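Heads up, the thing below is written out as structure tokens.
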Amino acid sequence: MARVESKIAAESQLDRGDIAVELRGVKREFVQASGEHVRGMDDVSFSIPRGQFVCILGPSGQGKSTLINMVAGFDQPDAGEVIVGGNPVRGPGADRGVVFQRDTLFLWKRVADNIEFGLKARGVPKAERKETVQRYLEFIGLERFARSWPKELSGGMRRRVAIAAVFANDPEVLLMDEPFVGLDYVLRATLHEVLLDLWSRTGKTVLFVTHDVDEALALGDRVLVVQGGSIVRDIPLNFSRPRKLEVLESPEAGRARVEILRSMGVPDVA
Amino acid sequence: MAIKMSWPKADTARRLLLGAAGIAAFIAVWWLISLGSREVRVPDPGSVLSAIRENFWSTAALEFASLPAGGLASNLFATAQAAVLGVAIGLCLGLPIGVLAGRSRLVRTVVEPPLMVLGVVPVVVLLPFMSIWFGSSVLAQAGLTIFYATLVISVTAKNATANALGKYEKFGRSLGASSRTLVFSVVMPAIAPAMVGALRVAMAAAWGFTVIAEILGANKGIGRVIQVFATFQATASVIAALVCLGVLALIIDAVIARVGRWYTSWQE
């Protein structure tokens with residue numbers, strides 16, 4: 015598969031200060047127990063302007079999680095640089111919030127306290143914390159559940175709280191690692207709505223990892239297709255927002271879909 | 106925090122009834138055995154009950170025999186003091202060791218071999234050291250408990266901490282939590298359920314270790330009382346002391362369990 019260096023047409027015109035996330039020549043190799051070397055990331059470079067919603071697509075085990083881990087600071091590259099908000103990434107931090115695949119809510123804290131956690135950890139004054147928590151509870155429609163325990167909530171409600179907790183902490187960049195995998199379409203659509211609502215209110219930069227093409231088409235401004243540790247496609251999605259279901263019907267969406275599937279290595283069914 | 110009380114429902118009442126029937130059956134079998142045996146070998150349940158009643162608040166009948174003053178009640182209290190003290194010290198020692206080991210692979214590598222070696226020592230074997238080191242202070246009775254409790258609590262804390270961090274550390278750090286916040290706001294609550302279990306195990310063992318230490322070298326406590334009754338072949342009184350000890354141990358365990366359940370009611 016030919017590697018394509020990602021070049022956004024307008025990139026050269028962008029002011030450096032407008033770049034939220036930048037990777038330069040990032041390489042990462044893993045050594046298996048068998049001694050085999052696996053390229054987690056192979057000379058990856060791209061940049062993401064502030065406020066963009068970028069979906070990272072690709073088959074499993076091809077570098078998506080490695081990429082998110084690099085930006086989050088859970089892993090360090092063997093070569094190259096990862097830069098967020100102009101600063102090189104040295105480890106995890108509140109400027110890069112992460113929503114995980116698994117449910118990571120603190121079960122011993124009530125819903126409101128979960129949303130408050132990051133604010134409290136960073137020393138935000140009490141009055142401001144309470145006001146922010148109340149605001150986000152209203153955004154996700156769970157004001158009535160402020161004092162509930164996570165165990166009393168359904169899976170979908172817990173996801174909403176997790177997303178709110180990360181958004182409320184005001185990170186520069188939001189990293190989401192297949193957060194809705196395994197959920198049914200209807201629930202996923204509800205969560206998409208919550209996510210896009212929070213995104214449009216706050217204007218955060220989002221990196222959303224998924225292996226579902228329709229999800230990427232529903233959410234993203236841009237799709238980066240990852241295969242074999244490289245970005246093989248960088249496709250802008252210029253559909254209007256809010257994205258209705260009918261968007262999926264349009265010829266542009268159809269073409270984008272086929273292009274993405276091809277670049278992921280999906281074969282024509284014989 | 107609202108305390109949820111669970112009132113006995115139909116099947117709980119049935120379970121209590123069946124449990125009571127089991128105890129009644131046990132007493133019935135005991136009584137039958139005692140009929141065919143001398144008082145000194147198997148006293149009947151009735152004489153044990155009167156022994157409890159006679160000796161509970163004072164042991165006037167045997168005070169001339171250098172029995173510790175105050176009857177079963179005050180000696181139970183002395184034993185309880187030593188047992189609880191031992192577990193408390195074990196908690197203060199074991200919790201930090203365990204959490205530190207759970208956080209750091211380096212600390213784990215250093216601390217695990219000694220813990221493993223100490224873990225195979227039969228605790229009772231350490232008794233002679235207790236009188237050498239602590240003379241006849243309450244620490245001599247609590248010493249074995251301290252050893253065992255520290256071990257159990259540190260190993261439980263180590264494993265629970267490592268698990269909790271594996272689950273929550275990345276999320277916590279990406280929200281801006283410092284190491285201190287992680288330990289006190291994430292690890293401590295997360296390991297609470299496991300620690301309640303470890304406390305109950307340590308407490309249960311504490312009774313046994315404390316009584317043994319008292320039998321062999323104390324001047325008060327239920328163990329000393331049992332030892333004196335035994336020299337007078339007052340079998341019913343020995344059993345009486347054991348029954349009271351057992352009931353006390355059950356009550357304290359039930360209290361720890363109840364408080365533990367309330368404190369960790371957030372669990373799924």
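Top to bottom, those sequences are chains A and B.
Using our numbering, the letters of the first sequence correspond one by one to residues 15 to 284.
Using our numbering, the letters of the second sequence correspond one by one to residues 106 to 373.
All C-beta atoms, glycine included, are put in the ideal place defined by N, C-alpha and C.
Bear in mind the structure is a predicted one, so any value in this text is a computation, not a measurement.
Would you call B/A115 buried or exposed, if buried means 16 or more other Cβ atoms sit within 10 Å of its Cβ?
exposed
Comparing C-alpha positions only, which one of B/W238, B/L223 and B/V204 sits nearest to B/R285?
B/V204
Measuring only between beta-carbons, confirm whether A/W213 sits less than 9 Å from chain B.
No, A/W213 does not count as interfacial toward chain B.
Mind listing the chain B neighbours of A/P106? Cutoff is C-beta to C-beta under 8 Å, in chain order.
Result: K275, R278 and S279.
Would you list the residues sitting across from B/T261 in a DSSP beta bridge?
None; B/T261 has no bridge partner.
For A/K165, go through chain B and note every residue whose CB falls closer than 8 Å to its CB, in chain order.
W371, Q372 and E373
Spatial neighbours of A/D32 in its chain, beta-carbon cut-off 6 Å, leaving aside the 5 residues before and after:
P63 and R64
Chain B contact for A/R172 (CB, 9 Å cutoff):
no
Between B/P298 and the rest of its own chain, which residues show a CB-CB distance below 7 Å, the 5 nearest in sequence each way excluded?
So the list reads T369 and Q372, once near-sequence residues are dropped.
In the DSSP assignment, find the alpha helix (DSSP H) that holds A/G54 and state where it starts and stops.
Not the alpha helix (DSSP H): A/G54 falls in the beta strand (DSSP E), residues H51 to P63.
Over what stretch of residues does the beta strand (DSSP E) that includes A/K41 continue unbroken?
I33 to V45
Under the assumption that A/V180 contacts A/G99 (Cβ atoms under 8 Å), give the Cβ distance between them as a whole number of angstroms.
In fact, because the Cβ distance is near 16 Å, the residues do not count as touching under 8 Å.
Check each candidate in A/L121, A/K41, A/E43 and A/Q76 and name the one with the smallest Cα separation from A/G279.
A/Q76
Extent of the continuous alpha helix (DSSP H) to which B/I237 belongs
Per DSSP, B/I237 belongs to the alpha helix (DSSP H) from L232 to F239.
Could you pull the start and end residues of the alpha helix (DSSP H) that B/L123 belongs to?
A115 to L140
If you follow the alpha helix (DSSP H) that B/I157 is part of, which residue opens it and which one closes it?
P150 to N160
Assigned secondary structure, A/G94 (DSSP; H/G/I helix, E/B strand, else coil):
strand
Step through the CB atoms of chain A and report whether any lies within less than 9 Å of the CB of B/S209.
no
Label A/Q213 either buried or exposed according to how many other C-beta atoms from any shown protein chain fall within 10 Å of its C-beta, with 16 as the threshold for buried.
For the sequence presented, residue 213 of chain A should be read as Trp rather than Gln. The residue in question, A/W213, is buried, as its Cβ has 16 or more Cβ neighbours within 10 Å.
Count Cβ pairs between the segment 190 to 200 of chain B and the segment 243 to 251 of chain B that sit closer than 8 Å; are there 3 or more?
yes
Check whether the Cβ of A/G49 lies closer than 8 Å to any heavy atom of the ligand PLP, and answer yes or no.
Summarising the ligand content, the structure contains no ligands, and the ligand PLP is consequently not present.
Could you give the DSSP three-state label for B/F334: helix, strand or coil?
helix
Do B/L223 and B/L249 count as a contact pair if the criterion is CB distance below 9 Å?
no
What does A/M190 pair with, by DSSP beta-bridge criteria?
Within the DSSP secondary-structure output, A/M190 pairs in a beta bridge with A/V113 and A/F222.
Bridge partners for A/D248 per DSSP, in chain order?
A/L238
Return the residues of the segment 250 to 277 of chain A that lie within a Cβ-Cβ distance of less than 9 Å from chain B, sorted by chain order.
Cβ contacts with chain B come from no residue of the segment 250 to 277 of chain A.
Contact set for B/V292: own chain, Cβ-Cβ below 7 Å, skip 5 residues either direction:
The answer, listed in chain order, is V204, T266, A269 and L270.
Cα-Cα separation between B/V189 and B/R305, rounded to whole angstroms:
11 Å
Within 10 Å of its beta-carbon, does A/S74 have 16 or more other beta-carbons around it, so buried, or fewer, so exposed?
exposed
Rounded C-alpha distance that separates B/I327 from B/V212:
40 Å
So, is the C-beta of B/T286 closer than 9 Å to a C-beta in chain A?
With respect to chain A, the C-beta atom of B/T286 has a partner C-beta closer than 9 Å.
Any C-beta of chain A sitting closer than 9 Å to the C-beta of B/A299?
no
Taking the alpha-carbon of B/W162 as reference, which of B/D149, B/S179, B/R146 and B/S152 has the nearest alpha-carbon?
The option with the nearest alpha carbon to B/W162 is B/S179.
Using the DSSP secondary-structure output, state which residues sit across from A/L71 in a beta bridge.
A/T224 and A/V239
A/G111 at chain C interface by Cβ criterion, 9 Å
Going by chain labels, chain C is absent from the structure shown, which instead holds the protein chains A and B.
If you reduce the DSSP assignment to three classes, tell me which class A/P102 lands in.
strand
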